[in-house]
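Enquirer:
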Amino acid sequence: DGGITQSPKYLFRKEGQNVTLSCEQNLNHDAMYWYRQDPGQGLRLIYYSQIVNDFQKGDIAEGYSVSREKKESFPLTVTSAQKNPTAFYLCASDLGSGRVNTGELFFGEGSRLTVL
Amino acid sequence: DQQVKQNSPSLSVQEGRISILNCDYTNSMFDYFLWYKKYPAEGPTFLISISSIKDKNEDGRFTVFLNKSAKHLSLHIVPSQPGDSAVYFCAARYNNDMRFGAGTRLTVKP
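Residue numbers (the numbering used here), protein chains in the order written: chain E, 287 to 402; chain L, 66 to 175.
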């Protein structure tokens with residue numbers, strides 16, 4: 287079945303450690319996105335990528351890094367520079383600019399990161 | 066800056082009645098508006114969308130209304146069912162820029 291797979295679903299990290307969240311899609315989508323959700327807030331964009339080997343910062347990119355070496359994969363690294371990393375992280379994908387029909391983003395199941 | 070606002074954090078309705086969820090936006094460049102449904106610890110699932118050139122889109126029990134002059138959209142669910150209980154996010158999009166509201170928690174009581 288086509289979809290977006292995020293792993294791990296739950297992750298615990300000690301302060302000062304980097305952690306990488308995985309996101310893989312087999313929808314043949316060009317664009318991929320990382321969002322963060324905090325209680326009582328909407329989803330906020332961290333990074334997005336329209337094409338392999340290219341990505342742009344979203345609204346809250348500080349303390350995060352990404353790579354897009356393959357079309358199917360868009361891993362997110364939460365670095366020790368992120369001051370408040372405990373959150374629910376969501377990866378999404380779509381066809382990309384110029385090919386949007388309904389504007390829909392397809393989301394993964396999410397990864398909950400807790401810093402101890 | 067909060068370009069998409071959902072001013073009601075929660076809504077409770079009786080099964081069989083209509084649920085109306087509201088959303089306001091500020092950026093007139095948005096050209097697609099979407100509603101997502103989300104359960105705890107899961108990713109949002111797409112529910113319904115509307116292009117800025119339309120004022121209504123209907124899909125079964127779900128209807129989205131867009132009032133561009135007021136920069137307001139609403140989602141109507143009728144009749145409401147207990148399985149509709151979830152958090153509903155309004156979103157507005159222009160190219161790669163998709164903005165989400167804070168969500169409204171809908172509870173449908175049997």
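Glycine residues also receive a C-beta, built at the ideal position from the N, C-alpha and C atoms.
Just by C-beta distance, which residues in the region 303-330 of chain E are closer than 9 Å to chain L?
Expert: Residues 317, 319, 321, 323, 326, 327, 328, 329, 330.
Enquirer: For residue 149 of chain L, name the three-state secondary structure that DSSP assigns.
Expert: Counting from 1 along the second sequence, the entry for residue 149 of chain L is found at position 84. Helix at residue 149 of chain L.
Enquirer: Contact between the region 367-384 of chain E and the region 119-134 of chain L: three or more CB pairs below 8 Å?
Expert: No, because fewer than three Cβ pairs between the region 367-384 of chain E and the region 119-134 of chain L fall closer than 8 Å, the two stretches do not touch.
Enquirer: Per the DSSP calculation, residue 70 of chain L is bridged to which residue(s)?
Expert: Start at 1 with the first residue of the second sequence, and residue 70 of chain L comes out as number 5. Residue 70 of chain L pairs with L:89.
Enquirer: With a Cβ-Cβ cutoff of 8 Å, do residue 90 of chain L and residue 69 of chain L count as a contact?
Expert: Here the question's residue 90 of chain L lines up with position 25 in the second sequence. Here the question's residue 69 of chain L lines up with position 4 in the second sequence. In contact: residue 90 of chain L and residue 69 of chain L (Cβ atoms closer than 8 Å).
Enquirer: On the DSSP letters alone, give me the boundaries of the beta strand (DSSP E) that residue 98 of chain L sits inside.
Expert: As a first step, residue 98 of chain L is located in the second sequence; it is residue number 33 there, counting from the start. Element bounds for residue 98 of chain L: 97-103.
Enquirer: What are the start and end residues of the beta strand (DSSP E) that includes residue 299 of chain E?
Expert: As a position in the first sequence, residue 299 of chain E is number 13, starting the count at 1. Start and end: 296-299.
Enquirer: For residue 113 of chain L, list the residues DSSP reports as bridge partners.
Expert: Translated into positions along the second sequence, residue 113 of chain L becomes position 48. L:100.
Enquirer: Residues of chain E with CB closer than 8 Å to the CB of residue 107 of chain L, please, in chain order.
Expert: Sequence index remark: in the second sequence, residue 107 of chain L carries index 42 (1-based). Under the 8 Å cutoff, chain E gives 395, 396.
Enquirer: Using only CA atoms, which one of L:135, L:124, L:107, L:81 lies nearest to residue 296 of chain E?
Expert: Numbered from 1 along the first sequence, position 10 holds the residue referred to as residue 296 of chain E. Closest by alpha carbon: L:107.
Enquirer: Between the beta-carbon of residue 362 of chain E and the beta-carbon of residue 298 of chain E, is there less than 8 Å?
Expert: Mapped onto the first sequence, residue 362 of chain E falls at position 76. Mapped onto the first sequence, residue 298 of chain E falls at position 12. Against a cut-off of 8 Å, the Cβ pair of residue 298 of chain E and residue 362 of chain E comes out as no contact.
Enquirer: For residue 151 of chain L, decide whether its Cβ has a neighbour in chain E, counting only Cβ atoms nearer than 8 Å.
Expert: Against the second sequence, residue 151 of chain L aligns to sequence position 86. Residue 151 of chain L does not count as touching chain E.
Enquirer: Give a yes or no on contact between the region 102-117 of chain L and the region 131-143 of chain L, applying the rule of three or more CB pairs nearer than 8 Å.
Expert: Short answer: they touch.
Enquirer: What does DSSP give as the partner residues of residue 124 of chain L in its beta bridges?
Expert: Counting from 1 along the second sequence, the entry for residue 124 of chain L is found at position 59. For residue 124 of chain L, which the question treats as bridged, DSSP gives the partners L:127.
Enquirer: Interface residues of chain A around residue 336 of chain E at Cβ under 8 Å?
Expert: This model lacks chain A altogether, as its protein chains are E and L.
Enquirer: Could you tell me if residue 74 of chain L is buried or exposed, where buried requires 16 or more neighbouring beta carbons within 10 angstroms of its beta carbon?
Expert: Position 9 of the second sequence, counting from 1, holds the residue named residue 74 of chain L. Burial call: exposed.
Enquirer: Does the beta carbon of residue 158 of chain L sit closer than 8 Å to a beta carbon anywhere in chain E?
Expert: Taking the first residue of the second sequence as position 1, residue 158 of chain L is located at position 93. With 8 Å as the cut-off, residue 158 of chain L counts as an interface residue toward chain E.
Enquirer: From residue 163 of chain L to residue 80 of chain L, what distance separates their C-alpha atoms?
Expert: As a position in the second sequence, residue 163 of chain L is number 98, starting the count at 1. As a position in the second sequence, residue 80 of chain L is number 15, starting the count at 1. Those two C-alpha atoms are separated by around 32 Å.
Enquirer: What's the gap between the Cα of residue 85 of chain L and the Cα of residue 360 of chain E?
Expert: Looking up residue 85 of chain L in the second sequence gives position 20. Looking up residue 360 of chain E in the first sequence gives position 74. Their backbone Cα atoms lie some 36 Å apart in a straight line.
Enquirer: Under a three-way DSSP split, which group does residue 307 of chain E fall into?
Expert: Locating residue 307 of chain E in the first sequence gives position 21, counting from the first residue. Residue 307 of chain E: strand per DSSP, three-state reduction.
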